[in-house]
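Peer 1:
Residue numbers (the working numbering): 19 to 582.
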């Protein structure tokens, strides 16, 4: 797989007419929050920047800002615009960015970057990455068997990006982490043998209850034509306009990929070819590989409506025949379900729909549909057949309201997600929609309903209050029977054909409330005060986490949230 991907990218690099490139805006950063609200306030979808793909090229973001009518922006929106201009340093060379107080006349010569080089043949920015987080319980947990200890995060790292000859862009980030996690996250780590969003870990501390793990991601990007962009590296991907994604999220660990992105006219077409890791076995043996191929076509039908069509397939060498990456799935325009049928394969194919619409001023309505497998007769039937185990599908509907109730910088988002049992699962874990024992879509896997409410208010440009409430009900296996919630479990051991309801089995109810106050004293330096409460109840066990209060200092890194 890695040879196929590398050769394909080298062919692109060999082209003499490569176009100017830089790295993408990183995942989950403040840039996406600002870009999203500015696009909603503009009332029009942009044909160069597609925010349903959560790795936006810096050139695309800059093109959107150049077209944006900023005359109606208030002081707080102007601050957000300036933040984005600072982030897009090389895209706006005409704007003044000199820092008033550079360090030793070398470092922080502009507000956004610790160190930079900007000459015609070479651009480079280097930034330190740090996250120091500490919290203690302020209440006792009635269900805890032991005293809950502190939670903490100690992250140090380095991030660099740039381009060579303004034709080949690059990005790299490394982090060394030590963490103490809340009990519910600790249970996830023990059950899945992976840190959420990071993967492999080692025990840390004298009692080995903490976790030590390393994160490294990076890629190279180039454009053989004006409208085609190719990227090769190790990172995550996200598809959708919501807080969650039922098509592809960035919840799991990073993975190897080759991405081809075609942006022309009013459409953006993405091909993604990946190599991932199957269920984790012994640490003394190489982990088994699995592979993925995905197509996503995003089309602006009008300046108010965007529709995206998705298809993907997860496959592996089930028979040990050296199949490797099946070349049939490298076709960038073919329908994967047809290929799967022609191969007589046990591969796991999915199709999906994403939409985003601006119905009225300052409001966006979005959603997703995903189909893993279904029979139309059973799908339409409201009787027992509608509970057939093979009716595997999911639905998302959400709303964003910026400057809600005409209050400047008060933003509200509500989102509903539901997924049927056995969705994303395969015959074995090797064809499940997972990577490194973690879901590639929603953190809860399958067989759940969820409502997420998020309220954000910025009374001053440098200060933000954020409240999040998550309510969910989901099902876990009971008495050894497979109820379809655990997507790592093969779906062939289902008991009976019918009778599978959402949240069946051991029905769990979840409430999570998270309050965060964030102060940004300078660009990408954040101080957070966080209060977290979580309660989970079920038929076989219940957990009420203590209320945690935490303090954090972050530099060039997004807030880490365990909100499931």
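Where a beta carbon is used, it is the ideal one built from N, C-alpha and C, also for glycine.
Do residue 571 and residue 545 count as a contact pair if the criterion is CB distance below 7 angstroms?
Peer 2: Their beta carbons are under 7 angstroms apart, which means residue 545 touches residue 571 by this criterion.
Peer 1: State the beta-bridge partners of residue 9 as determined by DSSP.
Peer 2: There is simply no residue 9 to check, as the chain begins at 19 and stops at 582 in what is shown.
Peer 1: Which value, in whole angstroms, describes the spacing of the CA atoms of residue 329 and residue 449?
Peer 2: C-alpha separation (whole angstroms): 15 angstroms.
Peer 1: Could you check the C-alpha separation between residue 568 and residue 215 for me, to the nearest Å?
Peer 2: Rounded to the nearest angstrom, the two C-alpha atoms are 21 angstroms apart.
Peer 1: How many Å lie between residue 550 and residue 167 at the Cα?
Peer 2: So the two alpha carbons sit approximately 15 angstroms from each other.
Peer 1: Going by the C-beta, is residue 370 closer than 6 angstroms to any heavy atom of the ligand MG?
Peer 2: Looking at this structure, you won't find the ligand MG or any other ligand, since it has none at all.
Peer 1: Please classify residue 132: does DSSP put it in a helix, a strand, or coil?
Peer 2: Correct three-state label for residue 132: coil.
Peer 1: Inspect the CB distances between the segment 460 to 478 and the segment 261 to 273 and report whether three or more fall short of 8 angstroms.
Peer 2: Yes, they touch.
Peer 1: Measuring CA to CA, which of 485, 287, 275, 559 is closest to residue 609?
Peer 2: Given that the chain is displayed from residue 19 to residue 582, the structure contains no residue 609 and the question cannot be resolved.
Peer 1: So if DSSP puts residue 56 in a beta bridge, which residue, or which two residues, is it bridged to?
Peer 2: Bridge partners of residue 56: none, in fact.
Peer 1: What's the C-alpha gap between residue 10 and residue 49?
Peer 2: Because the chain spans 19 through 582 in this model, residue 10 falls outside it and cannot be assessed.
Peer 1: Using only CA atoms, which one of 414, 474, 291, 511 lies nearest to residue 278?
Peer 2: Considering only alpha carbons, the answer is 291.
Peer 1: Considering Cα atoms alone, identify which of 315, 295, 101, 317 is closest to residue 309.
Peer 2: Answer by Cα proximity: 295.
Peer 1: Take the Cβ of residue 349 as the centre, count every other Cβ of all protein chains shown within 10 Å, and call the residue buried at 16 or more, exposed below.
Peer 2: Residue 349 is exposed by the Cβ-count criterion.
Peer 1: Any idea if residue 510 is buried or exposed, counting beta-carbon neighbours within 10 angstroms, 16 or more meaning buried?
Peer 2: Counting Cβ neighbours within 10 Å, residue 510 comes out exposed, since fewer than 16 surround it.
Peer 1: Pull up the distance between the alpha-carbon of residue 487 and that of residue 431, whole angstroms please.
Peer 2: Cα to Cα, the separation comes out at about 11 angstroms.
Peer 1: Among residues of its own chain, excluding the 5 on either side of residue 468, which ones have a beta-carbon nearer than 6 angstroms to its beta-carbon?
Peer 2: Excluding positions up to five away in sequence, the list reads 435, 490.
Peer 1: If you count every other CB in all the chains shown that lies within 10 Å of the CB of residue 137, and 16 or more means buried, which is it?
Peer 2: Flag for residue 137 reads exposed.
Peer 1: Specify the secondary structure class of residue 343 as computed by DSSP and reduced to three states.
Peer 2: In the structure shown, residue 343 sits in coil (DSSP, three-state: anything other than H, G, I, E or B).
Peer 1: Please report the distance separating the alpha-carbon of residue 163 from that of residue 520.
Peer 2: In this prediction, residue 163 scores a pLDDT of 49, lower than 50, which makes its location untrustworthy; the coordinate-derived value is nonetheless stated afterwards. Straight-line Cα distance between these residues: approximately 31 angstroms.
Peer 1: Near residue 267, what residues of its chain come up, given a Cβ to Cβ distance below 6 angstroms and the 5 sequence neighbours on each side ignored?
Peer 2: Excluding residues within five positions, the ones whose Cβ falls inside 6 angstroms are 256, 459.
Peer 1: Cβ of residue 321 less than 7 angstroms from any chain D Cβ?
Peer 2: In summary, chain D is missing from the structure at hand, where a single protein chain is found.
Peer 1: In angstroms, rounded to a whole number, what distance separates the CA positions of residue 76 and residue 44?
Peer 2: Distance between the alpha carbons of residue 76 and residue 44: 10 angstroms.
Peer 1: In the DSSP assignment, find the unbroken alpha helix (DSSP H) run with residue 519 in it and report its ends.
Peer 2: First-last for residue 519: undefined, no H or E at that position.
Peer 1: Measuring CB atoms only, is the segment 221 to 241 touching the segment 182 to 201, in the sense that at least three cross pairs come out at less than 8 angstroms?
Peer 2: Because the criterion of three Cβ pairs below 8 angstroms is met, the segment 221 to 241 and the segment 182 to 201 touch.
Peer 1: Using C-beta distances below 8 angstroms, list every residue in its chain close to residue 144, excluding the 5 sequence neighbours before and after it, in chain order.
Peer 2: So the qualifying residues of the chain are 131, 132, 133, 134, 176, 177, 178.
Peer 1: Using a Cβ distance threshold of 8 angstroms, determine whether the segment 63 to 72 contacts the segment 421 to 429, with at least three qualifying pairs required.
Peer 2: They do not touch, by the three-pair rule.
Peer 1: Whose C-alpha, out of 453, 150, 422, 438, is nearest the C-alpha of residue 412?
Peer 2: Checking every option, the nearest Cα to that of residue 412 belongs to 438.
Peer 1: Look at the Cβ atom of residue 455, then the Cβ atom of residue 210, and state whether they are nearer than 7 angstroms.
Peer 2: Yes, Cβ-Cβ distance for residue 455 and residue 210 is below 7 angstroms.
Peer 1: Under three-state DSSP, which class holds residue 39?
Peer 2: Residue state, collapsed to three classes: coil.
Peer 1: Could you give the DSSP three-state label for residue 243: helix, strand or coil?
Peer 2: Coil, per DSSP.
Peer 1: In this structure, how does DSSP classify residue 109 when only helix, strand and coil are distinguished?
Peer 2: Here residue 109 sits in helix by DSSP.
Peer 1: One question on the structure: do residue 492 and residue 502 come within less than 7 angstroms of each other, judged by their Cβ atoms?
Peer 2: No, Cβ-Cβ distance for residue 492 and residue 502 is not below 7 angstroms.
Peer 1: Give me the Cα-Cα distance between residue 149 and residue 515, rounded to the nearest whole angstrom.
Peer 2: Whole-angstrom Cα-Cα distance: 49 angstroms.
Peer 1: Where does the unbroken alpha helix (DSSP H) through residue 210 begin, and where does it stop?
Peer 2: Counting along the chain, the alpha helix (DSSP H) containing residue 210 begins and ends at 201 to 210.
Peer 1: With DSSP collapsed to three states, give me the class of residue 313.
Peer 2: Looking at residue 313 - three-state DSSP - the assignment turns out to be strand.
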